[in-house]
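What follows is a single structure, written as structure tokens, with notes after it.
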Amino acid sequence: MKISTILDHIDNGHMALPEFQRGYVWNRSQVSGLFESLYRRHPVGSLLVWATQAEGAPHRGEAHLAPGTVKLLLDGQQRITSLYGVLRGKSPAFFDGNSKSFTGLYFNLEKEAFEFYQPIKMQDDPLWINVTELMLNGNAGLGTFIANLSQSPETAPKVGEYVGRLSSILAIRDIDLHIEEVTGADKTIDVVVEIFNKVNSGGTKLSKGDLALAKICADWPAARDNMKDTLTTWNGAGYNFDLDWLLRNVNTIVTGEAKFQHLHDVSANQVEDGLDRAIKTVNQAFNMIGGRLGLDHDQVLFGRYAIPVMVHYIDRKNGKLTAEESDKLLFWFAQAGMWGRFSGSVESFVDQDLAALEDLDGALERLIGQLRLWHGGLTVEPGHFSGWSLGARFYPVLYMLTRVGTACDWGSGLPLKSQMLGKMSRLEVHHMFPKAQLYKRGFNRAEVNAVANFCFLTKTTNLNISDTLPEVYFPQIEANHPGALASQWVPMDPELWKIDNYHAFLEERRKLLAKAANEFFLGLLHEDTSLLQPPAAAPVQTEQPMEAIKVLGGIDSEDEEKALLDLIDWTTEQGLPEGHLMYEIVDSESGSPVALFDLAWPNGLQEGLSQPVAVLLNEGPDVLALANAKGFRYFTQIEEFKSYVQGELLDSVAA
Numbered sequence: 001m002k003i004s005t006i007l008d009h010i011d012n013g014h015m016a017l018p019e020f021q022r023g024y025v026w027n028r029s030q031v032s033g034l035f036e037s038l039y040r041r042h043p044v045g046s047l048l049v050w051a052t053q054a055e056g057a058p059h060r061g062e063a064h065l066a067p068g069t070v071k072l073l074l075d076g077q078q079r080i081t082s083l084y085g086v087l088r089g090k091s092p093a094f095f096d097g098n099s100k101s102f103t104g105l106y107f108n109l110e111k112e113a114f115e116f117y118q119p120i121k122m123q124d125d126p127l128w129i130n131v132t133e134l135m136l137n138g139n140a141g142l143g144t145f146i147a148n149l150s151q152s153p154e155t156a157p158k159v160g161e162y163v164g165r166l167s168s169i170l171a172i173r174d175i176d177l178h179i180e181e182v183t184g185a186d187k188t189i190d191v192v193v194e195i196f197n198k199v200n201s202g203g204t205k206l207s208k209g210d211l212a213l214a215k216i217c218a219d220w221p222a223a224r225d226n227m228k229d230t231l232t233t234w235n236g237a238g239y240n241f242d243l244d245w246l247l248r249n250v251n252t253i254v255t256g257e258a259k260f261q262h263l264h265d266v267s268a269n270q271v272e273d274g275l276d277r278a279i280k281t282v283n284q285a286f287n288m289i290g291g292r293l294g295l296d297h298d299q300v301l302f303g304r305y306a307i308p309v310m311v312h313y314i315d316r317k318n319g320k321l322t323a324e325e326s327d328k329l330l331f332w333f334a335q336a337g338m339w340g341r342f343s344g345s346v347e348s349f350v351d352q353d354l355a356a357l358e359d360l361d362g363a364l365e366r367l368i369g370q371l372r373l374w375h376g377g378l379t380v381e382p383g384h385f386s387g388w389s390l391g392a393r394f395y396p397v398l399y400m401l402t403r404v405g406t407a408c409d410w411g412s413g414l415p416l417k418s419q420m421l422g423k424m425s426r427l428e429v430h431h432m433f434p435k436a437q438l439y440k441r442g443f444n445r446a447e448v449n450a451v452a453n454f455c456f457l458t459k460t461t462n463l464n465i466s467d468t469l470p471e472v473y474f475p476q477i478e479a480n481h482p483g484a485l486a487s488q489w490v491p492m493d494p495e496l497w498k499i500d501n502y503h504a505f506l507e508e509r510r511k512l513l514a515k516a517a518n519e520f521f522l523g524l525l526h527e528d529t530s531l532l533q534p535p536a537a538a539p540v541q542t543e544q545p546m547e548a549i550k551v552l553g554g555i556d557s558e559d560e561e562k563a564l565l566d567l568i569d570w571t572t573e574q575g576l577p578e579g580h581l582m583y584e585i586v587d588s589e590s591g592s593p594v595a596l597f598d599l600a601w602p603n604g605l606q607e608g609l610s611q612p613v614a615v616l617l618n619e620g621p622d623v624l625a626l627a628n629a630k631g632f633r634y635f636t637q638i639e640e641f642k643s644y645v646q647g648e649l650l651d652s653v654a655a
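The numbering of the sequence shown is my numbering, which starts it at 1 and goes up by one.
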């Protein structure tokens, strides 16, 4: 079928997008690459559609379908959306994404190259042709371009050649794309989704949540948009979650189950009511977690899959919890995160925990008891703080203790409690023994980035300390703000402040941190020590401790870190975002860290218009393969990255 006919079918309702399809995710590089291939008449792949009856067809958007048989795109959405956007100069009715990704595509008549508009490079240059303008005006407008080219002394000699190239662009409309159809009465939505997943096996498969949401949207079309609006609100408050996670909260409220299949037989009215209740109870859970535990953003929210269990309980209690009930629920939440309760099969453990709450009488004691039976005793030991990196499971525990205790900033002496300081952007991780000094003395990455070497300070204080050794700046802090060091669990023996005694310092600080953690947790239990003890039955260990989990990548040396910090400065001087140093890649199911990218821009250097980017210095093939699998365009040399920025982005930013 010709491309122009396909676009006509979209306009008249004969072709649409199935509800279970995700939104538009292509960036400008992919769009220009598609048009480059079409212009060169290279193959761009076939389309796969689901031919089904329009009545009741689960399609995206509010556009009406034509009566009879309609074709729903299973494979080819990104290509067809890009073609529609450039050829029509607008988004299709089913569009969900960033339209700037296909807005402003130009073609250079001399170089025969497609690029997006850059005013400094293209303005007043007749060799750069607006592709959308050409497509919208068609053959009638071709004469205008020819006249302009004929009048310019620079382009007039090659008008005939340029006209041929313009005609080749216009002829893209007439290119035939092969279409394969999935049809038949046996092709239910479940079967079609299975086909979709097989066809898209190289990309991101549809989750069980996607399928459940597709069925919900068939009866309640506004469901996806309502949920996305909610996620946007939470993201603005520092909590970044996806549709699957929100839907799981809805599921535990409506069905009392973890598995999404239980939503399939629930009415749209029940789901709508469940979403309203989920939003209310998730907000209450966030307030409890942020206010009482100090975990006020998702980077330290290590128990995100425990929240649907919390939400179920809060909803069953109509939001009315006593102080003791609230504290016990938070105790369970933090402990579940610390011990990795949901690092394995999320649905199985959520179902077990929901079952413990079936009878509200004594529910929280059963919930905590179940955790004890699964893990063993719930007392924190010094060795639990032996992990390293921001991905270590006890890193959020350190943050929590800082936010809820008496920890003070070492520069101002002011407390660092959550209600006084706001989000993580106002705090910085500080290495008490400076990284530069430790690397200089041969300590390895895990030793340098040990959690027990971390504390949290304001940015100003962190900058002022710089790479000064503790034996120099610790006495100054104690003199200016007595008790400030101890408030951050620093061993007060001056001998331990010497870099030669670094390992002994870490050992002593781990003891202080474990003691502080146990005191805090005992407070949440209102001094009920029985809930901390190991159960009579032997504990069942289902996962490795965090310390044994291998986290790939990360910065290896002082020189590497300095080079990356200099690169951040250079990037911001170009008017681009500074990027994330030591950016954590987590497993989407368990939330456990799997790698640290040296420097990354997960939303691209131009958010929504360019793909995720990472600079990975001295990393092995496993890290590079992971970056590629996660959709990052990565650079292993700083100069290569700078060339990319200068050659492909800077003029576009100026636009």
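Cβ atoms here follow ideal geometry from the backbone N, Cα and C, with glycine treated the same way. In this text, all values refer to a predicted model and were calculated from it rather than measured experimentally.
Report the three-state DSSP secondary structure of residue i (helix, strand or coil).
i: residue 430; result: strand
i: residue 422; result: Residue placement at residue 422 is poorly supported in this model, since its pLDDT is 42, which falls under 50; the coordinates are not used for a value here.
i: residue 633; result: strand
i: residue 580; result: strand
i: residue 595; result: strand
i: residue 53; result: strand
i: residue 115; result: strand
i: residue 415; result: strand
i: residue 274; result: helix
i: residue 477; result: helix
i: residue 135; result: helix
i: residue 72; result: strand
i: residue 297; result: coil
i: residue 454; result: strand
i: residue 2; result: strand
i: residue 18; result: strand
i: residue 26; result: coil
i: residue 181; result: strand
i: residue 661; result: No answer is possible for residue 661: it lies beyond the span of the chain, which begins at 1 and ends at 655.
i: residue 553; result: strand
Please work out which residues of its chain come closer than 8 Å, Cβ to Cβ, to residue i, disregarding the five sequence neighbours upstream and downstream, and give them in chain order.
i: residue 141; result: 133, 134
i: residue 404; result: 292, 293, 294, 417, 418, 520
i: residue 257; result: 251, 351, 354
Given that a residue counts as buried once 16 or more other Cβ atoms are within 10 Å of its Cβ, and exposed if not, what is residue i?
i: residue 81; result: buried
i: residue 115; result: buried
i: residue 203; result: Residue confidence for residue 203 is low, a pLDDT of 48 falling below 50, so the modelled location carries little weight and cannot support an answer.
i: residue 656; result: Given a span of 1 to 655 for the chain in the structure shown, any question on residue 656 remains unanswerable.
i: residue 328; result: buried
i: residue 330; result: buried
i: residue 249; result: buried
i: residue 490; result: buried
i: residue 235; result: exposed
i: residue 319; result: exposed
i: residue 539; result: Any reading at residue 539 must be qualified, since the residue scores a pLDDT of 49, below 50, and its modelled position is unreliable; the value itself is stated next. The residue is exposed, with fewer than 16 neighbouring Cβ atoms inside 10 Å.
Return the CA-CA distance between residue i and residue j, expressed in angstroms with no decimal places.
i: residue 7; j: residue 84; result: 6 Å
i: residue 337; j: residue 514; result: 16 Å
i: residue 168; j: residue 95; result: 28 Å
i: residue 552; j: residue 386; result: 17 Å
i: residue 312; j: residue 231; result: 19 Å
i: residue 632; j: residue 154; result: 41 Å
i: residue 5; j: residue 127; result: 30 Å
i: residue 414; j: residue 100; result: 45 Å
i: residue 440; j: residue 458; result: 26 Å
i: residue 278; j: residue 261; result: 18 Å
Excluding five sequence neighbours on each side, which residues of the same chain lie with their C-beta closer than 6 Å to the C-beta of residue i?
i: residue 60; result: 17, 19, 94
i: residue 567; result: 638
i: residue 307; result: 285
i: residue 342; result: 305, 349
i: residue 183; result: 51
i: residue 461; result: 409, 410, 411
i: residue 173; result: 3, 4
For the ligand SAM, I want to know if residue i counts as a neighbour, meaning its beta carbon is within less than 7 Å of at least one of the ligand's heavy atoms.
i: residue 614; result: The model depicted lacks the ligand SAM and carries no ligand whatsoever.
Mind checking if residue i is an interface residue toward chain C, Cβ cutoff 8 Å exclusive?
i: residue 427; result: In the displayed structure, chain C is absent; only one protein chain is listed.
Enumerate in chain order the residues of its own chain whose CB-to-CB distance from residue i is below 7 Å, with the five nearest sequence positions on each side excluded.
i: residue 146; result: 159, 163
i: residue 288; result: 326, 330
Contact the stretch 473-490 vs the stretch 522-534: 3+ CB pairs below 8 Å: no
Sufficient close CB pairs (3 or more, under 8 Å) joining the stretch 150-163 to the stretch 17-37: no
Please determine if the stretch 495-507 and the stretch 430-438 are in contact, where contact requires at least 3 C-beta pairs separated by less than 8 Å. yes
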